[in-house]
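Participant: Taken in order, the sequence shown gives residues 192 to 810; the numbers are from this note's numbering.
One structure, as structure tokens, below. Some questions next.
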Amino acid sequence: MTQEDIKDMMLYGERINVEYKEAFNELPKSFWETYSSFANTIGGQIVLGIKEHRTKSTLQERFEIQGVNNAAKILKTLWDTVNSDKVNRNILLDENVETIDYDGKQLIVVTIPMANYTERPIYINRNILGGAYKRNYEGDYHCTDDEVRAMLRDANENGNDGALVDNYTMDDIDLPTLHAYRNRFEVRNVDHVFNQLDDKEFLKNMGGYTIDRNTKREGLTVAGLLMFGKGLPVRERFDNLRMDYIDQTNLVGESRWSDRLTYDGTWENNLFNFFTRVIPKLTADLKRPFKLEGMERVDDTPVHKAVREGLTNMIIHADLFITGVLKVVKKDNGMLFSNPGSLKLPIEDIKRGGNSKARNPRIQNMLRMVGFGDNIGSGYPTILKAWSEQNWRCPTLLDRSELRQVDLTLPMISLLPEQTLLEMQQAIGKDEYARLSANEQLTLAYVWNGDEISNTILQQILSLNSIEAGRLLHNLVDNGLLTQDSKGRWTTYKICREKDKGEERKEKGEERKEKGEERKDKSEERKDKSEERSDKRNLLNLSPIETQVLRLIQQDKKVTYESIGKELTIGQTKVYKVLGHLKELNVIERIGGRTYGHWHILLADISSENEILQTDKQR
């Protein structure tokens, strides 16, 4: 790492995974709290020798480069302490610690990796409950007892779903659910020896029923009860866990959903029933092209497989022992899968695939044996590949530690929708839009319709590192295209609607003025041409729909794109095509941006409503 890297980190880096600390004469005591918090969550970097004034915004005001007085002494203290009983485990290597010269002052940068799930929790002061920390958007905080227990459960290589559930027996199994599963199993595994077993033996072999050899206790496992149990026993044992499917497509009026599947007493709410009911709802609207393989029709697609992977991953990676919701939301522009828990692996490893660490491996196997779930460790790459082939926005996988849940978002939106492109060009000007890089255009498109973005999300969308993503976002802020909202060490970005004012943008004032004069000259030129055209009305040859749009503009020069579409009962794409054609004919022009601007009719022969109406009648 160089001085320039440090400067870029201070300017553009995501501060949730960077901590600056004063350390002029000694290693600060708070170093070990941050060591624990980074190790137990996403990893991060501690820079020693910089004082951060968090209330300041500029680089000069926010960061005070103090340096360290005796780097060798501080480094010795660090290594001596990390290998003592101060911390329960040393996860640092030599390459994780380096000394940097910054304008003649020494800084120490310590890169703390995310600890392996088998090593967590990392804690200090020989106190596993009181000495374990996690990172959130405000800094380092004590892990709760429940969070520590969750990490200890995750450290179990055998998963969380094989434990015997005391006092739950075959009487608590919903036999119609189990038999529906066995029918699917037999169809896919015709000659499998499990097909000859009775229900109890079948469950034992599938990991749904167990016998403790030491105590001779026997009964259902967590996997067996949750997958095939009757609704009441499931709710009694797992009152912390809910299942919820919400369809928010095609909403009418104030409706919050058009369809919903949650417990209502009409179905046994176990995982297999939830899974098999939700899948058809999610895939009902997906295109199924006709395809033959041999003499059999195949109507499955990579997108169908990816959606099933999303639902499968939600279930097999869920922490079933904390309070939360297995939630699926279907929207007009995508899907959301949410499960309680956290990511066991770094996001980079998940994207690469090949290394599945499901919390619930028995449930994973049960689903895989009936065709749900790809090869182990390939689920997320399967999703990414399918979405890339459709040219849709990249899926995002977010560990929301403050809520103790993981969100997988599958947007079914083009990387750069035509309508959004037209709107952006209209609002900020075609020339200025053309000067943006491809990544800047994609970033603006993501937030254009009111969405917000963060450094973390942008890293996934565009495959950038933290500094590259930060630099891109800051450039858009500097150009007045995005606004930022700082939330502790976390910052989100939204579209700057003030930029819709076109020529009124302050930082581009002079440029706008020059363009305004050019536009004025062109307007006068068009006016002259329109007056020449006034005696040739019949040569204009506008379509009826174009005439109707003109009438609406005459009635209200600030009429919106949405209002035109609603009034004439046409889609937004059609509205843009009609308006675009009218502008090409020099019939109309747009003064200002989409939000604050207005329309101006250029043709002299249609300067009154009566003439437009008359033209329409003649058609």
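In this text, a Cβ means the ideal position worked out from N, Cα and C, and glycines have one as well.
What residue from 400, 590, 338 and 376 has the CA that sits closest to residue 356's CA?
Facilitator: Here the closest residue by C-alpha is 400.
Participant: Is it buried or exposed, residue 331, if we count other Cβ atoms within 10 angstroms and call 16 or more buried?
Facilitator: With 16 or more other Cβ atoms within 10 Å, it is buried.
Participant: Less than 8 Å between the CB atoms is what I'm expecting for residue 501 and residue 574, so what's the real figure, rounded?
Facilitator: The Cβ separation is near 6 Å, so the contact holds.
Participant: Taking 7 Å as the limit between beta carbons, can you name the residues of its chain near residue 320, skipping five residues before and five after?
Facilitator: Excluding residues within five positions, the ones whose Cβ falls inside 7 Å are 336 and 339.
Participant: Rounded to whole angstroms, what is the Cα-Cα separation between residue 354 and residue 519?
Facilitator: Each residue's alpha carbon lies about 27 Å from the other.
Participant: Mapping DSSP to helix, strand and coil, what is residue 245?
Facilitator: In this structure, residue 245 counts as coil in the three-state DSSP scheme.
Participant: Report all residues from its chain with a CB closer than 8 Å to the CB of residue 493; omit the five preceding and five following residues, and keep chain order.
Facilitator: Counting only Cβ-Cβ distances below 8 Å, and skipping sequence neighbours, we find 573, 576, 577 and 580.
Participant: Between the Cα of residue 879 and those of 643, 655 and 653, spot the shortest distance and give me the residue it belongs to.
Facilitator: Because the chain is modelled from 192 through 810, residue 879 falls outside the range shown and cannot be assessed.
Participant: So who's on the other strand from residue 813, going by DSSP bridges?
Facilitator: Outside the shown range of the chain (192 to 810) lies residue 813, about which nothing can therefore be said.
Participant: How should residue 698 be labelled, buried or exposed, when 16 other C-beta atoms within 10 angstroms of its C-beta is the threshold for buried?
Facilitator: Note that residue 698 scores 45 on pLDDT, short of 50, meaning its location in the model is unreliable; the coordinates nonetheless yield the value given after this. That one is exposed.
Participant: Between the beta-carbon of residue 589 and the beta-carbon of residue 633, is there less than 8 Å?
Facilitator: No, Cβ-Cβ distance for residue 589 and residue 633 is not below 8 Å.
Participant: Classify residue 208 as buried or exposed, calling it buried when 16 or more other Cβ atoms lie within 10 Å of its own Cβ.
Facilitator: Counting Cβ neighbours within 10 Å, residue 208 comes out buried, since at least 16 surround it.
Participant: Expressed to the nearest angstrom, what Euclidean distance is found between the alpha-carbon atoms of residue 468 and residue 367?
Facilitator: Cα to Cα, residue 468 sits roughly 14 Å from residue 367.
Participant: On a CA-only basis, which of 322, 205, 304 and 238 is nearest residue 276? Give me that one, please.
Facilitator: Looking at the Cα atoms, 322 is the closest of the given residues.
Participant: In its own chain, which residues sit with a C-beta less than 7 Å from the C-beta of residue 630, not counting the 5 before and 5 after it?
Facilitator: Answer for residue 630: 653 and 663, listed in chain order.
Participant: Can you say whether residue 682 is buried or exposed, counting buried as having 16 or more other CB atoms within 10 angstroms of its CB?
Facilitator: Per the 10 Å Cβ criterion, buried.
Participant: So what's residue 721 in DSSP terms, helix, strand or just coil?
Facilitator: Low per-residue confidence applies at residue 721: pLDDT is 46, beneath 50, and the placement is therefore not dependable, though the value from the model is reported in the following sentence. Correct three-state label for residue 721: helix.
Participant: Which residue marks the beginning of the alpha helix (DSSP H) containing residue 413, and which one marks its end?
Facilitator: Run containing residue 413: 413-419, per the alpha helix (DSSP H) assignment.
Participant: Reducing DSSP to helix, strand and coil, say where residue 323 ends up.
Facilitator: Residue state, collapsed to three classes: strand.
Participant: Looking only at C-alpha atoms, which of 215, 594, 514 and 541 sits nearest to residue 262?
Facilitator: Of 215, 594, 514 and 541, the residue nearest in Cα terms is 215.
Participant: Near residue 234, which residues of its chain fall below 7 Å by C-beta distance, leaving aside the five closest residues on each side in sequence?
Facilitator: Same-chain partners within the cutoff: 208, 303, 304 and 305.
Participant: Looking only at its chain, what residues have a beta carbon closer than 7 Å to the beta carbon of residue 561, apart from the 5 residues adjacent to it on each side?
Facilitator: Once the five neighbours on either side are set aside, the close Cβ partners of residue 561 are 372, 375, 376 and 379.
Participant: I'd like the list of long-range same chain contacts for residue 210, defined as Cβ closer than 6 Å, with 5 residues on each side in sequence excluded.
Facilitator: Cβ neighbours of residue 210 beyond the five flanking positions: 225 and 237.
Participant: With a threshold of 16 other CB atoms inside 10 Å of the CB of residue 309, please say whether the residue is buried or exposed.
Facilitator: Residue 309 is exposed by the Cβ-count criterion.
Participant: For the alpha helix (DSSP H) containing residue 318, list its first residue and its last residue.
Facilitator: Premise fails: residue 318 is in no alpha helix (DSSP H) and is neither H nor E.
Participant: Go through its chain and collect everything with a Cβ distance to residue 206's Cβ below 7 Å, but skip five positions before and after it.
Facilitator: The residues are 680.
Participant: At the level of alpha carbons, what is the spacing between residue 584 and residue 635?
Facilitator: C-alpha separation (whole angstroms): 13 Å.
Participant: Can you give me the C-alpha to C-alpha distance between residue 429 and residue 421, rounded to a whole angstrom?
Facilitator: Using only the alpha carbons, I get a separation of about 12 Å.
Participant: Classify residue 602: buried if its beta carbon has 16 or more other beta carbons within 10 angstroms, exposed otherwise.
Facilitator: Residue 602 should be labelled buried.
Participant: In three-state DSSP terms, what is residue 611?
Facilitator: Helix.
Participant: What are the boundary residues of the beta strand (DSSP E) that includes residue 439?
Facilitator: Neither: residue 439 is in no beta strand (DSSP E) and is coded neither H nor E.
Participant: Taking 8 Å as the threshold, find out whether the segment 378-393 comes into contact with the segment 434-441 through three or more Cβ pairs.
Facilitator: No, the segment 378-393 is not in contact with the segment 434-441.
Participant: Extract the residue ranges of the beta strand (DSSP E) inside the segment 567-636, only unbroken runs of 3 or more that lie entirely within it.
Facilitator: If we require 3 residues or more, the beta strand (DSSP E) runs fully inside the segment 567-636 come out as 587-591 and 596-602.
Participant: Taking residue 677 as part of the beta strand (DSSP E), name the residues at either end of that continuous run.
Facilitator: It spans 673-678 - the beta strand (DSSP E) in which residue 677 sits, taken as one unbroken run.
Participant: Taking the beta carbon of residue 264 as the centre, do at least 16 other beta carbons fall within 10 Å, making it buried, or is it exposed?
Facilitator: Exposed, because fewer than 16 other Cβ atoms sit within 10 Å of the Cβ of residue 264.
Participant: Identify whether residue 454 lies in helix, strand or coil by the three-state DSSP scheme.
Facilitator: The answer is coil: DSSP assigns residue 454 none of H, G, I, E or B.
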